[in-house]
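Report on the following structure.
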Ligand SMILES: NC(=O)C1=CN([C@@H]2O[C@H](COP(=O)(O)OP(=O)(O)OC[C@H]3O[C@@H](n4cnc5c(N)ncnc54)[C@H](OP(=O)(O)O)[C@@H]3O)[C@@H](O)[C@H]2O)C=CC1
Ligand SMILES: O=CCCC(=O)O
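In my numbering, the protein residues as written are 353 to 643.
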């Protein structure tokens, strides 16, 4: 099966490598074209534009940074819409808001193509090993057709109905994750400042109800100030911001998410946006110094 992949950031690169390893032919494109070289060395071919990738492939995936990027590769010159047509499908895995996803869906279907949104839960390592959780919504026929690829990309795919439901589910999940990371960071600072050993806190947490892959996976690195990016902090802040927008539309009061958003914004202002989202710990430490 041949598939296209637009966007070779942390996730797009890992997903492409995994597809290649599992026998898929992959045609890649990235805004910074040089990032395609490593994939070519592993057997991928390159499209010079998103349109060229869509022209070559029946199904093309997008994995872009944010709503402006996701819209740009579809609607701008050389974009997906120039080649999408009946018989072709576009699957957007970027984390975006439901409105962005609806715009992309309308654009694709207006040209006779089919659309599926498919944001993913899970980070760099699950992407490398095909262990993502895929939150799809949109055209069920495209979901069925793409299942062989989805089964390689993820350990479980959900089909959630109409376009927007995948985006909403993803934003709810990441809003919770951002709040947990923020609260965990505050706990680490509180432990240390009140005279406890934060490593012992990790051991205690790991044995109790709060134990989680997130805390187990990130905690030790955070205590060494190691924030090598798996999930960039700027994207986590984007996701909480978009989740707050969803809350706004639905008149849902989310004071904890709003406070977490402020801390992630503070982290961005400290220049931590390209580091892992666990670097919010540094912003929490910085806030203690100021108070
Ligand atoms: N990292 C993670 O753990 C996870 C991330 N996500 C989501 O997946 C998406 C991608 O994440 P990730 O791979 O980490 O992000 P990266 O920041 O590593 O990569 C972003 C990608 O978007 C491209 N891009 C940015 N702006 C534009 C633009 N205006 N036009 C075209 N392309 C653009 C970049 O191209 P270039 O190389 O040229 O800059 C790059 O390919 C995001 O929506 C993120 O929220 C979802 C689950 C987990
Ligand atoms: O959007 C990013 C999610 C990262 C994760 O689920 O670990």
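Ideal Cβ positions, reconstructed from N, Cα and C, are used throughout, including at glycine.
All of these numbers come straight from a predicted model, not from anything done at the bench.
- Looking at the DSSP output, residue 443 bridges to 413 and 468.
- Contact between residue 469 and residue 515 is confirmed by a C-beta separation of about 6 Å, below the 8 Å threshold.
- Inter-segment contact for the stretch 560-572 and the stretch 612-627 is absent: fewer than three beta-carbon pairs are separated by less than 8 Å.
- In the three-state scheme derived from DSSP, where H, G and I count as helix and E and B as strand, residue 384 is classed as coil.
- Per DSSP, the unbroken beta strand (DSSP E) holding residue 509 starts and ends at 506-511.
- For residue 438, the CB contacts under 6 Å within the same chain, skipping 5 residues up- and downstream, are 464 in chain order.
- Bounds of the beta strand (DSSP E) holding residue 484 are 484-490.
- Segment contact: the stretch 578-586 against the stretch 616-632, three or more CB-CB distances shorter than 8 Å; contact assigned.
- Relative to ligand 2, the nearest heavy atom lies less than 7 Å away from the CB of residue 526.
- Not one heavy atom of ligand 1 falls within 7 Å of the beta-carbon of residue 569.
- For residue 473, the beta-bridge partners assigned by DSSP are 485.
- Within 10 angstroms of the beta-carbon of residue 402 lie 16 or more other beta-carbons, which makes it buried.
- Counting other Cβ atoms within 10 Å of its Cβ, residue 458 stays below 16 and is therefore classed as exposed.
- The bridge partners DSSP lists for residue 377 are 354.
- Between the alpha carbons of residue 446 and residue 504 lies a gap of roughly 18 Å.
- Around residue 487, the same chain offers 471, 510, 518, 521 and 522 as residues with beta carbons nearer than 6 Å, after the five sequence neighbours per side are excluded.
- Residue 353 and residue 394 have their C-alpha atoms roughly 16 Å apart.
- For residue 548, the number of other beta carbons within 10 angstroms of its own is below 16, and it is reported as exposed.
- Between residue 436 and residue 386, the alpha-carbon positions lie close to 25 Å from each other.
- For residue 408, the enclosing alpha helix (DSSP H) starts and ends at 402-408.
- Within the model, the alpha-carbon separation for residue 476 versus residue 369 is close to 12 Å.
- Residue pairing by DSSP places residue 628 opposite 584 in a beta bridge.
- Along the length of the stretch 521-569, whole alpha helix (DSSP H) runs at least 4 residues long occupy 550-559, reported in chain order.
- Taking 8 Å as the upper bound for CB-CB distance, residue 595 and residue 527 are in contact here, some 4 Å apart.
- According to DSSP, residue 397 shares a beta bridge with 379.
- Out of 605, 636 and 607, the CA that lies nearest to the CA of residue 619 is found in 636.
- Between the alpha carbons of residue 572 and residue 413 lies a gap of roughly 34 Å.
- Non-local beta-carbon contacts of residue 374 in its own chain, meaning distances under 7 Å to residues more than five positions away in sequence, involve 504 in chain order.
- The residue among 603, 604, 610 and 574 with its C-alpha nearest the C-alpha of residue 591 is 610.
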